[in-house]
Amino acid sequence: MATLLLPPRHYLNDGYGIKSWLLTRDHKRIGLLYLAAITLFFFVGGAMAVLIRLELATPVGDLVSDETYNKLFTMHGVMMVFFFLIPSIPATLGNFLIPIMIGAKDLAFPKLNLASWYIYICGGLFTLYALVAGGVDTGWTFYTPFSTVSSTTNVIPTALGIFVTGFSSILTGFNFIVTIHRMRAPGLTWFRMPLFLWSMYATSLIMVLGTPVLAVTILLVALERLFHFGFFDPAVGGDPVLFQHLFWFYSHPAVYIMILPSMGVVSELVAAFCRKQIFGYSFVAFASVGIAVLGFLVWGHHMFVAGESVFASMIFSALSFLVAIPSAVKVFNWTATMYKGSISWQTPMLYAVGFIGLFTIGGLTGLFLASVGLDIHVTDTYFIIAHFHYIMVGGALMGYLGGLHYWWPKISGRMYPEFLAKLSAGIIFLGFNLTFFPQFILGYLGMPRRYHAYPPEFQVLNVLSSAGASILGVGYLIPMLYLMWSLRYGKIAGSNPWGAVGLEWTTTSPPPTENFAVTPIVTWDAYEYGTRVKDHVA
Amino acid sequence: MLPEATHDQHHPALAHQFDSLAAQSEATTLGMWVFLATEVLFFGGLFACYAVYRAWYPEAFAAASRSIDITLGATNTVVLITSSLTMALAVHAAQTGKRKVLMTFLVITMVLGVVFLGIKSVEYYQKFTEHHIPGPNFSFEDGKFNRHAQLFFSLYFAMTGLHAVHMIIGLGIMLTMLWWSWRGIITPEYYSPIEISGLYWHFVDIVWIFLFPLLYLIGRHAH
Amino acid sequence: MWSGTPLFPEQASTMASRVDALYFFLLAISVFFSLLIAGLIVFYAIRYHRKHEDSVGENFHGGMALEITWTVIPFLITIVIFVWGASVFFAMSRPPDETLNIYVVGKQWMWKFQHLDGQREINELHVPLGRPVKLIMTSEDVIHDVFVPAFRVKADVLPGRYTTIWFEPTKPGRYHLFCAEYCGTRHSGMTGEVIVMEPSEFQTWLSGGAQQGSLASAGGKLFNDLACNTCHRPDAQGRGPVLEGLFGKTVTLQNGETMTVDEAYVRESILQPAAKITAGFQPIMPTFQGLVTEEQLLELIEYVKSLRALPQVQTP
Chain A
1062 MATLLLPPRH YLNDGYGIKS WLLTRDHKRI GLLYLAAITL FFFVGGAMAV
1112 LIRLELATPV GDLVSDETYN KLFTMHGVMM VFFFLIPSIP ATLGNFLIPI
1162 MIGAKDLAFP KLNLASWYIY ICGGLFTLYA LVAGGVDTGW TFYTPFSTVS
1212 STTNVIPTAL GIFVTGFSSI LTGFNFIVTI HRMRAPGLTW FRMPLFLWSM
1262 YATSLIMVLG TPVLAVTILL VALERLFHFG FFDPAVGGDP VLFQHLFWFY
1312 SHPAVYIMIL PSMGVVSELV AAFCRKQIFG YSFVAFASVG IAVLGFLVWG
1362 HHMFVAGESV FASMIFSALS FLVAIPSAVK VFNWTATMYK GSISWQTPML
1412 YAVGFIGLFT IGGLTGLFLA SVGLDIHVTD TYFIIAHFHY IMVGGALMGY
1462 LGGLHYWWPK ISGRMYPEFL AKLSAGIIFL GFNLTFFPQF ILGYLGMPRR
1512 YHAYPPEFQV LNVLSSAGAS ILGVGYLIPM LYLMWSLRYG KIAGSNPWGA
1562 VGLEWTTTSP PPTENFAVTP IVTWDAYEYG TRVKDHVA
Chain B
358 MLPEATHDQH HPALAHQFDS LAAQSEATTL GMWVFLATEV LFFGGLFACY
408 AVYRAWYPEA FAAASRSIDI TLGATNTVVL ITSSLTMALA VHAAQTGKRK
458 VLMTFLVITM VLGVVFLGIK SVEYYQKFTE HHIPGPNFSF EDGKFNRHAQ
508 LFFSLYFAMT GLHAVHMIIG LGIMLTMLWW SWRGIITPEY YSPIEISGLY
558 WHFVDIVWIF LFPLLYLIGR HAH
Chain C
7 MWSGTPLFPE QASTMASRVD ALYFFLLAIS VFFSLLIAGL IVFYAIRYHR
57 KHEDSVGENF HGGMALEITW TVIPFLITIV IFVWGASVFF AMSRPPDETL
107 NIYVVGKQWM WKFQHLDGQR EINELHVPLG RPVKLIMTSE DVIHDVFVPA
157 FRVKADVLPG RYTTIWFEPT KPGRYHLFCA EYCGTRHSGM TGEVIVMEPS
207 EFQTWLSGGA QQGSLASAGG KLFNDLACNT CHRPDAQGRG PVLEGLFGKT
257 VTLQNGETMT VDEAYVRESI LQPAAKITAG FQPIMPTFQG LVTEEQLLEL
307 IEYVKSLRAL PQVQTP
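Protein chains in written order, with this note's numbering: chain A, 1062 to 1599; chain B, 358 to 580; chain C, 7 to 322.
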């Protein structure tokens, strides 16, 4: 094989210097701006998680004060949810890949795309200000009346940060919807689109329709806190539980903002590393849209113990079970895709398989919570913590890392070191399970969440969890280091290192600023390997 | 090298990522509709709160509603509907390339918008003098509704306030459109900015059409 | 180190075994599907490992029969879980007719319990074995949540309204009581113990110590101190409704609606008397907002409950 070279002209050498980045309208560069910003928030939020786990290694609460502990878990939640998980795949991989995957030169609104990054940064600065100014202790859920009358910490700057960042999320979703509708290359019909695009489309719907409700809810909390307006205040006949309804109307679908993109990535990875079409393509595609739609109807399952009526609880419980069906359909289809595949076990595939396994556990434990009679016992305990970390960290984050490795050669033009990558994928998988599996047991035993100190009989399981967290922390540091290293020293990748199909692998790595020299015309289905792979292998 | 450079429909307003102005204006129009869907949900949160509390406290809401000045509210409704008409006429003028007419209607629309905000501030001032601003100094004439009327006025100020913010943003957009019309950027080939600004303006009007009966009229039926 | 580490919570109420049965059913389903998926992945990983650099997977499209199978089977399973979970929940939300009622007030950061006989305790709750207990709960400030893992019960405690849970202890002992809804700085310190005693011991405990009389009698004293009795008289001559025998009855309001007199209604009538006026009366009662504490409210409610209908008085 001839020595591969980087293409002479690509988006990374099309202008140097700080201005060429900060004023860029290239969706690929904006994707990288997001990558840098969310990585920062990921490690700040991760550092807090480490402190939380260190604190919980002993039952008495001796490392930090209760006040500090409460601020730690609040900031951990705020940063991980609003500043890492929600933008993670959409704003980085989605930004980078959507135009390329549909054969377009850019997103529909490049200036708005850049604006949404600045809005994100602006919201991030408010939140970092809140952190530096002494933190906030309401929990990321901002339940009233604690957040409106009781807490004495920096609720307003944090709320402002989330409010502002919400608009970045809305603009991103808005841009993606218009782009996918209007800018597909000739011949690229909806049912020829890669499943990643379907999942990004479903995600964007949630971003556009859910986020404004969160924004207005935060606004009401701010009005109530600052000017003593009454919206949720029992003193004027308001209902604090109404806040929870509005909050979860967004924040439950927000979980699908986090997991749907990962599902899309996993579909790409499984197809590419089995070199065959996804089993039941249209079922997987519709499952994404189904999850997005059903996701809007289940928020009430967060309030089974909050004085909701028995009837409402029943309805929300039944609807919650319905969401499980499309999720199960996806898992079965991915597994079936592997049947008679040509499976290669490179790092992205390890992450994909890790995702399927951990998401399965996360999803199945979701059934425990949808079932009202059982939810009463486990809600607000570590069972919940374990469940949603299996979805968000085991699921969303695994998908993100898998996607980052898979498309890294496309983004940077260079390969990451395979051995180190496999090693760290293994470390992350082990560390993750050691951290969060004991928490299921702790939760069923009854250890409540957000506890700074706990009864001594829970210590052994907590120590196991804390040990897992330290392994997990190391696991996350390694990829960050070798990915940065590979930017300069990695092997040149070539335009299609995996022998995958998909428009993004037909252009150079890194792609030129306009993505394609000539607008492609699509005449094949997604993942059509049978006859085409030879043309595509570099 | 760049394909659109050779495109026969090349136009200074054509962005590089689109093949034609038609594709571009389709995309921006779809974009505005998606944005309006966001807006519907944004106001939707407030309407949900309103629905819950009005169902719980219908009498307090009716009593509080009666204390708002219906003349000012009705005047404002007329003002806004008229501004929607002038906005629609502005879009038509843009389509047919009548620049002077377009600019005239944009100015009238803006004047009506300012009149609306002026009347709104008179109303706010009245509420202030009547101690109807929620908070520690709130008091309501009919003592038995003192608490629940506060909920009504919290919603009143949040909803009309948010609406007013949208009006102010709308005025900013209109100012930009006026500037673009004056500069000759708006032509019969490229008038989609006027069209989508119009969509936004109509949306803000429609929100008011819902706010007016819900806030001003609920206590007015015969007793 | 492991010896003192429980892996499963104690079962100390009638509800515990029902919840656990559902838990084990779900656990079995979860283990089955997790192993199925993991097993298939591992098997395929070995069986279909890529042999040649440029080989591709066998091309076939999905099968409708399979898709329907793995849509319908999970759907049926979830229906079973839903019905089972719902039936457990119904049992939880419907207390038996005869319960031992105990009032609970949560505040940052302690639990206060009031027994009907007048015993008050903080962060400790004594209950008798084998008798259904109902907690009627409210909060003085933010949202709290009563959680007793050994009983598998939990419910939020909200300011401005009453929520209830019930349980029937089946095993004497001391059990954790947690606040399960984050409530501020010392949230993790808002814990206590539920002490389940043999009924006889419980009676001894209840009557032990210096008592200030039953909750209802404390409420009666307050009723007189606040001069409620000048208007609410038992002889239908007062300016306010007769309270004797009123609790649990249905009353007609001025606007024609009907209303069952429960804890929430009595509470509202004390704090916002004008909100729901009984038909035939004037809205002349002053508000007692800020004059009575949550605990005093509970005493007054218990007093109203204790007022039996007098034979000669016909309640409308």
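C-beta: ideal position from N, C-alpha, C; glycine also.
No experiment lies behind these values; they were computed from the predicted model shown.
Under 7 Å by beta carbon: chain B residues contacting V1606/A | Since the first residue of chain A shown is 1062 and the last is 1599, residue 1606/A is not available in this structure.
According to DSSP, what are the bridge partners of I543/B?
-> BP columns for I543/B are empty, so no partner.
L437/B (DSSP reduced to helix, strand or coil) = helix
Beta-carbon neighbours of E289/C, restricted to chain B and to distances below 8 Å = First, the residue type needs correcting, since residue 289/C is Pro and not Glu in the sequence shown. Under the 8 Å cutoff, chain B gives K501.
Identify the contact partners of A280/C in chain B, using a Cβ-Cβ distance below 7 Å as the criterion.
-> K501
Verify whether the separation of the beta carbon atoms of A1333/A and Y1467/A is less than 8 Å.
-> yes
Quick one: list the residues of chain A neighbouring K177/C, beta-carbon separation under 9 Å, in chain order.
-> What K177/C touches in chain A: nothing, since even the nearest Cβ is about 15 Å away.
Tell me, which residues are paired with F1449/A by DSSP?
-> For F1449/A, which the question treats as bridged, DSSP gives no partner whatsoever.
Pairwise C-alpha distance: G296/C and Q302/C = 11 Å
Taking 7 Å as the cut-off, is the CB of P1171/A close to at least one heavy atom of the ligand FMN?
-> Absence of the ligand FMN is noted for the structure shown, with no ligands found whatsoever.
On the three-state DSSP scale, how would you describe M145/C?
-> Inspection of the sequence shows that residue 145/C is occupied by Ser rather than by Met. Strand.
Closer than 8 Å at the beta carbon, the chain C residues around E1128/A = T191
From the DSSP output, in three-state form, read off P205/C for me.
-> helix
Which whole runs of the beta strand (DSSP E) in the stretch 86-167 of chain C are 3 residues long or more, in chain order?
-> 106-113, 116-121, 126-128, 130-134, 139-145, 150-154, 159-163
Of all Cβ atoms in chain B, is any one closer than 8 Å to the Cβ of G1298/A?
-> yes
Which stretch, first to last residue, makes up the alpha helix (DSSP H) that contains I360/C?
-> The shown model of chain C, from 7 to 322, leaves out residue 360/C, and the question about it has no answer.
Does the beta-carbon of N494/B have 16 or more other beta-carbons within 10 angstroms, so that it is buried, or is it exposed?
-> exposed
Identify which residue in K1391/A, L1383/A, G1299/A has its Cα closest to the Cα of A1431/A.
-> L1383/A
Which listed residue (F1577/A, I1376/A, F1490/A, F1344/A) has its alpha carbon closest to that of L1411/A | F1490/A
Taking 8 Å as the cut-off, decide whether the C-beta atoms of G470/B and S440/B are in contact.
-> yes
Which same chain residues, not among the five before or five after G1507/A, have their C-beta less than 7 Å away from its C-beta?
-> T1442
Does any CB atom of chain C fall closer than 8 Å to the CB of R423/B?
-> no
Using a beta-carbon distance cut-off of less than 9 Å, what residues from the stretch 461-494 of chain B approach chain A?
-> I490, P491, G492, P493
Measure from the alpha carbon of W1360/A to the alpha carbon of each residue in S1312/A, F1293/A, Y1461/A, then state which is nearest.
-> S1312/A
Contact between the stretch 541-559 of chain B and the stretch 472-490 of chain B: three or more CB pairs below 8 Å?
-> no
Ordered along the chain, which non-local residues of its own chain (more than five positions away) have a Cβ less than 6 Å from that of E1285/A?
-> T1209, F1292
At which residues does the beta strand (DSSP E) containing H559/B begin and terminate?
-> First-last for H559/B: 549-569, but that is the alpha helix (DSSP H), not the beta strand (DSSP E).
Those runs of the alpha helix (DSSP H) which lie wholly inside the stretch 1322-1380 of chain A and span at least 4 residues = 1342-1356
For G1492/A, which residues from the same chain have a beta carbon less than 6 Å from its beta carbon, with the 5 sequence-adjacent residues on both sides left out?
-> G1529, I1532, L1533, G1536
Look at the alpha carbon of L1094/A and the alpha carbon of W1178/A, and state the distance between them as a whole number of angstroms.
-> 8 Å
Output yes if chain A places a C-beta closer than 8 Å to the C-beta of F173/C; else output no.
-> no
Is the CB-CB distance between H505/B and Y414/B below 8 Å?
-> yes
Taking the beta strand (DSSP E) that G179/C falls in, what are its first and last residues?
-> 179-185
With a cut-off of 8 Å, do at least 3 Cβ pairs link the stretch 1538-1551 of chain A to the stretch 1210-1229 of chain A?
-> no
Neighbouring residues, chain A, relative to F392/B (Cβ below 7 Å) = F1235
Taking C-alpha atoms, which residue in E1589/A, L1189/A, G1563/A, G1591/A lies nearest to P1581/A?
-> G1563/A
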